[in-house]
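Peer 1: Under the numbering used here, think of the first position of the sequence shown as 188, with each following residue one higher.
We treat Cβ as the ideally placed atom computed from N, Cα and C, and that holds for glycine.
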Amino acid sequence: MKYIPVLIGVLASTIAYGHSRDQLSDRLIERIEHLFPGEGLKALQMPASDNYSAIPQDPGNPITSAKVKLGRLLYHETASGTEGTDDDRTETWSCASCHHVAAGFKAGIPQGIGDGGTGFGQSGENRRLIHGLDATAEDGSPLKPDVQPIASPTILNTAYQDLMLWNGSFGNSPGSNNGWVTDNAKAGPAAILANTFGLSGLETQVLAGTQVHRLRFDKGSVLQSNSEYSYLYDQAFPGGNEGYIPSNGTTVTPHALGAAKAIAAYERIVLSNYAPFQRWLSGDHDSLNKKQLRGALLFFGKAKCVSCHTGPALSSRAGASEEEMFFSIGFDDFDPNHSQIHGAIDEATRLGRGGFTGRMSDHYKFKIPQLYNLTDARVLGHGASFKTVREVIEYKNAAIPQNSQAENLASQFRPLGLRRKEISDLTAFIEEALYDSHLDRYVPGSLPSDSCFPMADFQAAIDLGCIGDSDRENDQGNKGKAECQYAGSDPDGDGWGWEDNKSCKMPSDSRRPDNPGGGGKPVCSSPHSDPDGDGWGWENNRSCRVGMSDKDSLPGGRKPVCQSMSSDPDGDGWGWEQGRSCRVVW
188 MKYIPVLIGV LASTIAYGHS RDQLSDRLIE RIEHLFPGEG LKALQMPASD
238 NYSAIPQDPG NPITSAKVKL GRLLYHETAS GTEGTDDDRT ETWSCASCHH
288 VAAGFKAGIP QGIGDGGTGF GQSGENRRLI HGLDATAEDG SPLKPDVQPI
338 ASPTILNTAY QDLMLWNGSF GNSPGSNNGW VTDNAKAGPA AILANTFGLS
388 GLETQVLAGT QVHRLRFDKG SVLQSNSEYS YLYDQAFPGG NEGYIPSNGT
438 TVTPHALGAA KAIAAYERIV LSNYAPFQRW LSGDHDSLNK KQLRGALLFF
488 GKAKCVSCHT GPALSSRAGA SEEEMFFSIG FDDFDPNHSQ IHGAIDEATR
538 LGRGGFTGRM SDHYKFKIPQ LYNLTDARVL GHGASFKTVR EVIEYKNAAI
588 PQNSQAENLA SQFRPLGLRR KEISDLTAFI EEALYDSHLD RYVPGSLPSD
638 SCFPMADFQA AIDLGCIGDS DRENDQGNKG KAECQYAGSD PDGDGWGWED
688 NKSCKMPSDS RRPDNPGGGG KPVCSSPHSD PDGDGWGWEN NRSCRVGMSD
738 KDSLPGGRKP VCQSMSSDPD GDGWGWEQGR SCRVVW
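Right, here's the structure in full:
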């Protein structure tokens, strides 16, 4: 590493609680300058998000404002979720479904759910698997959701990570730590072969993610069918200069590669540069209180956090070696008995970096995560085995591995000897000083498709306010809104409804005779639309009947009562909540 290792010892134990804030601040400056000679505080500073030249980037994908603008929209665009296994769920997920701002650009739950999820809550905590889906179903089955065997990492500050995923399997730019990857077996999803494009981790991960997460950005997608997107794409890639596509059998098209590069450019500018510690590094020494300063002195001293967490993101420094990027510290994998964990954890995932490289010396090593905005989600570690920062600090202080099978434990993983007060101070530094409370500046106000985001399934649309009380007179979405087809699409009667995963405007004669709630319900096109088997299902954001069923002869009297009137948008007395039908009590 590029800093001088310092044995803090006695120095760390002399952090006087009677020292003034200025004295503590001066000591922290001195310590950081000692650790990073020649760089000092700049070694930890982030640039402004629009200072593109100062942000680490792939030479094959230089950051431009046009790419960032396009990428920010595509990242959140639920209309891109068209490659799922059941048409009833189409256009209800996006990149942001598992990496959204409300959870610090993580999922907000232990296991992220893209296609096959329902609901959102306040910060993603109420996202659930649709009843009846099975994570162990065969690939291509309409019952198989998109869930991964490991916690969804944040995109925050990932500009400072050359390789992506917990095992570092994505990224193969010249000189990278994956430069040894030459065969297609390590190149990523078979149809994409993303590691053969010679791109950095972010670009490679997004490219591979289009297939893994059932997204579409090429022919027939919203990127080409929507005029605003077409214009933005031409601005981002004038002349269609998306880049090199290898002739190795990949199915990637120029538009798909361009979309991946635009999304990656956007992700690179998502920096937590408004955090108090970043302001302190820039000279605002009033931004940290004494408790946070004492915690910082511990972080860069006695607690030795900086021996692994370094650089502006407090992850690993730019250009870090594999030995500086991947560590085994005994964290557990997903708990298969947890109610929010679905499917099996394969052996390669359990082995971390070793599952990718095949080297026994890499077994159980995982990539060092960044440390900003950790309190936005109660999910920490690759297996979501911790809920709070304090839990992690206490774990590292004791240095007893959760996973008894973990090998190659890092030399840094040993008891720290921190006292209770020191643990409290260190927790305050990480939770508070490294917290940027304005991350919503990276989120668009609306999308060219007018879709709800970051999810657009019916329950999520309710949770996110896409359905509900609103006054859209000043909303730019007022331009060219589609006309609602059913009176029940506007449950709150504000003149704006919800159909086909986007808002619509109600006609003046909104009480239409063809409202299916007043006559025959449409027949469900798929038996999977009725997972609880009561004869009533849910498709295209409205209820449907299975076969020739008659609700009066079905056990509707035993159906649970709907908790929200808006769960029955077509007003037929039957709603849909938490993956099953319910009855409306007026």
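Skipping 5 residues on each side, what residues in its chain have a beta carbon closer than 7 angstroms to that of Leu480?
Peer 2: Taking the sequence shown and counting its residues from 1, one reaches residue 480 at position 293. Excluding positions up to five away in sequence, the list reads Arg208, Leu211, Ser212 and Leu215.
Peer 1: Thinking C-beta only, is Leu389 closer than 9 angstroms to Thr345?
Peer 2: Locating residue 345 in the sequence shown gives position 158, counting from the first residue. Locating residue 389 in the sequence shown gives position 202, counting from the first residue. Yes; because the gap between Cβ atoms is below 9 angstroms, this pair is in contact.
Peer 1: Taking the C-alpha atoms as reference points, what is the distance between Gln765 and Tyr559?
Peer 2: For the purposes of this step, residue 765 is taken as the residue at position 578 of the sequence shown. For the purposes of this step, residue 559 is taken as the residue at position 372 of the sequence shown. When the Cα atoms are used, Gln765 and Tyr559 turn out to be separated by approximately 32 angstroms.
Peer 1: Using three-state DSSP, classify Cys731 as helix, strand or coil.
Peer 2: Taking the first residue of the sequence shown as 1, we reach residue 731 at position 544. The answer is strand: DSSP assigns Cys731 an E or B state.
Peer 1: Where do the ends of the beta strand (DSSP E) carrying Trp763 lie?
Peer 2: Mapped onto the sequence shown, residue 763 falls at position 576. Trp761 to Glu764 is the extent of the beta strand (DSSP E) around Trp763.
Peer 1: How many Å lie between Lys574 and Ala283 at the Cα?
Peer 2: As a working note, residue 574 is residue 387 in the sequence shown. As a working note, residue 283 is residue 96 in the sequence shown. If you draw a straight line from the Cα of Lys574 to the Cα of Ala283, it is about 21 angstroms long.
Peer 1: Leaving out five residues before and five after Arg537 in sequence, what residues of the same chain have Cβ atoms less than 7 angstroms from its Cβ?
Peer 2: By 1-based counting over the sequence shown, the position of residue 537 is 350. Here the set comprises Asp520.
Peer 1: In angstroms with no decimal places, state the Cα-to-Cα distance between Arg699 and Lys689.
Peer 2: Taking the first residue of the sequence shown as 1, we reach residue 699 at position 512. Taking the first residue of the sequence shown as 1, we reach residue 689 at position 502. No answer about Arg699 holds up, because its pLDDT of 32 lies below 50 and its placement is not dependable.
Peer 1: Helix, strand or coil for Ser642, going by three-state DSSP, please let me know.
Peer 2: If you number the sequence shown from 1, residue 642 lands on position 455. Rather than Ser, the amino acid found at residue 642 in this sequence is Met. In the structure shown, Met642 sits in coil (DSSP, three-state: anything other than H, G, I, E or B).
Peer 1: Between Ser474, Arg314, Pro340 and Gly205, which lies nearest to Ala620 when the distance is taken from Cα to Cα?
Peer 2: As a first step, residue 620 is located in the sequence shown; it is residue number 433 there, counting from the start. Of Ser474, Arg314, Pro340 and Gly205, the smallest CA-CA separation from Ala620 is found for Ser474.
Peer 1: Between Leu596 and Gly517, which are expected to be in contact by the criterion C-beta below 8 angstroms, what is the C-beta distance as a whole number of angstroms?
Peer 2: Position 409 of the sequence shown, counting from 1, holds the residue named residue 596. Position 330 of the sequence shown, counting from 1, holds the residue named residue 517. Yes, they are in contact, since the Cβ atoms of Leu596 and Gly517 sit about 6 angstroms apart, within 8 angstroms.
Peer 1: Return the residue from the list Ala446, His569 and Lys448 that minimises the CA-CA distance to Asp522.
Peer 2: Position 335 of the sequence shown, counted from the start, is the residue given in the question as residue 522. Cα-wise, what sits closest to Asp522 is His569.
Peer 1: Identify which residue in Ser360, Leu567, Ile379 and Tyr418 has its Cα closest to the Cα of Ile337.
Peer 2: The sequence position of residue 337 within the sequence shown is 150, counting from 1. Nearest option by C-alpha distance: Leu567.
Peer 1: From the beta carbon of Glu278, is the nearest beta carbon of chain C less than 9 angstroms away?
Peer 2: The structure shown contains no chain C, having only a single protein chain.
Peer 1: What do you reckon, are the CB atoms on Ser387 and Asn238 nearer than 9 angstroms?
Peer 2: The residue labelled residue 387 in the question sits at position 200 within the sequence shown. The residue labelled residue 238 in the question sits at position 51 within the sequence shown. No.
Peer 1: Is the CB-CB distance between Glu726 and Met693 below 9 angstroms?
Peer 2: In the sequence shown, the residue the question calls residue 726 occupies position 539. In the sequence shown, the residue the question calls residue 693 occupies position 506. No; because the gap between Cβ atoms is not below 9 angstroms, this pair is not in contact.
Peer 1: Roughly how many angstroms separate the alpha carbons of Asp471 and Val393, rounded to a whole number?
Peer 2: By 1-based counting over the sequence shown, the position of residue 471 is 284. By 1-based counting over the sequence shown, the position of residue 393 is 206. Going from the Cα of Asp471 to the Cα of Val393 covers about 36 angstroms.
Peer 1: Which first and last residues belong to the beta strand (DSSP E) in which Trp725 is found?
Peer 2: Position 538 of the sequence shown holds residue 725. It spans Trp723 to Glu726 - the beta strand (DSSP E) in which Trp725 sits, taken as one unbroken run.
Peer 1: Can you tell me whether Lys406 is buried or exposed, with buried defined as 16 or more other CB within 10 angstroms of its CB?
Peer 2: Taking the sequence shown and counting its residues from 1, one reaches residue 406 at position 219. Result: exposed.
Peer 1: Can you give, in chain order, each stretch of the beta strand (DSSP E) that sits fully within the region 234-284 and has at least 3 residues?
Peer 2: Counting only runs of 3 or more, we get nothing.
Peer 1: Answer with buried or exposed for His318, where buried requires no fewer than 16 other C-beta atoms within 10 angstroms of its C-beta.
Peer 2: For the purposes of this step, residue 318 is identified with residue 131 of the sequence shown, where counting begins at 1. Exposed: under 16 other Cβ atoms inside 10 Å.
Peer 1: How many Å lie between Asn159 and Glu509 at the Cα?
Peer 2: No answer is possible for residue 159: the residues shown for the chain start at 188 and end at 773.
Peer 1: Please classify Ile610: is it buried, with 16 or more other beta-carbons within 10 angstroms of its beta-carbon, or exposed?
Peer 2: Numbered from its first residue, the sequence shown carries residue 610 at position 423. So Ile610 ends up on the buried side.
Peer 1: With distances taken between CB atoms, is the gap from Ala294 to Glu278 smaller than 9 angstroms?
Peer 2: By 1-based counting over the sequence shown, the position of residue 294 is 107. By 1-based counting over the sequence shown, the position of residue 278 is 91. Their beta carbons are not under 9 angstroms apart, which means Ala294 does not touch Glu278 by this criterion.
Peer 1: What is the DSSP secondary structure of Lys373, reduced to helix, strand or coil?
Peer 2: Reading the sequence shown from its first residue, position 186 is the one you call residue 373. Note: Lys373 maps to helix in three-state DSSP.
Peer 1: Pull up the distance between the alpha-carbon of Gln411 and that of Gly271, whole angstroms please.
Peer 2: Against the sequence shown, residue 411 aligns to sequence position 224. Against the sequence shown, residue 271 aligns to sequence position 84. Cα-Cα distance, rounded: 19 angstroms.
Peer 1: Going by CA-CA distance only, name the one from Trp685, Lys489, Arg628 and Cys492 that's closest to Ala289.
Peer 2: Counting from one through the sequence shown, the residue named residue 289 turns up at place 102. Closest option to Ala289, Cα to Cα, is Arg628.
Peer 1: Can you give the Cα-Cα distance for Phe645 and Ile342, rounded to whole angstroms?
Peer 2: In the sequence shown, the residue the question calls residue 645 occupies position 458. In the sequence shown, the residue the question calls residue 342 occupies position 155. Phe645 and Ile342: Cα-Cα distance of roughly 26 angstroms.
Peer 1: Inspect the beta-carbon positions of Asn460 and Pro234 and report whether they are closer than 9 angstroms.
Peer 2: On the sequence shown, residue 460 is found 273 positions in, with the first residue counted as 1. On the sequence shown, residue 234 is found 47 positions in, with the first residue counted as 1. Yes.
Peer 1: Write down every uninterrupted run of the beta strand (DSSP E) in the region 384-472 whose length is 3 residues or greater and which is fully enclosed by it, in chain order.
Peer 2: none
Peer 1: Under 9 angstroms, do Ser713 and Trp763 count as touching if we go by C-beta distance?
Peer 2: The residue given as residue 713 occupies position 526 in the sequence shown. The residue given as residue 763 occupies position 576 in the sequence shown. The answer is no: Cβ separation not under 9 angstroms.
Peer 1: Taking 9 angstroms as the cut-off, decide whether the C-beta atoms of Ile528 and Gln298 are in contact.
Peer 2: If you number the sequence shown from 1, residue 528 lands on position 341. If you number the sequence shown from 1, residue 298 lands on position 111. Yes, these two residues count as a Cβ contact at 9 angstroms.
Peer 1: Taking the alpha-carbon positions, what's the Tyr416 to Lys489 distance?
Peer 2: Position 229 of the sequence shown, counted from the start, is the residue given in the question as residue 416. Position 302 of the sequence shown, counted from the start, is the residue given in the question as residue 489. Whole-angstrom Cα-Cα distance: 52 angstroms.
Peer 1: Between which two residues does the alpha helix (DSSP H) carrying Glu220 extend?
Peer 2: By 1-based counting over the sequence shown, the position of residue 220 is 33. Residues Arg208 to Leu222.
Peer 1: What does the alpha-carbon distance come out to for the pair Asp612 and Asn382?
Peer 2: In the sequence shown, residue 612 corresponds to position 425, counting from 1. In the sequence shown, residue 382 corresponds to position 195, counting from 1. About 42 angstroms.
Peer 1: Output the boundary residues of the beta strand (DSSP E) element that contains Glu534.
Peer 2: Working through the sequence shown from its first residue, we reach residue 534 at position 347. Careful: Glu534 lies outside any beta strand (DSSP E), inside the alpha helix (DSSP H) at Glu534 to Arg537.
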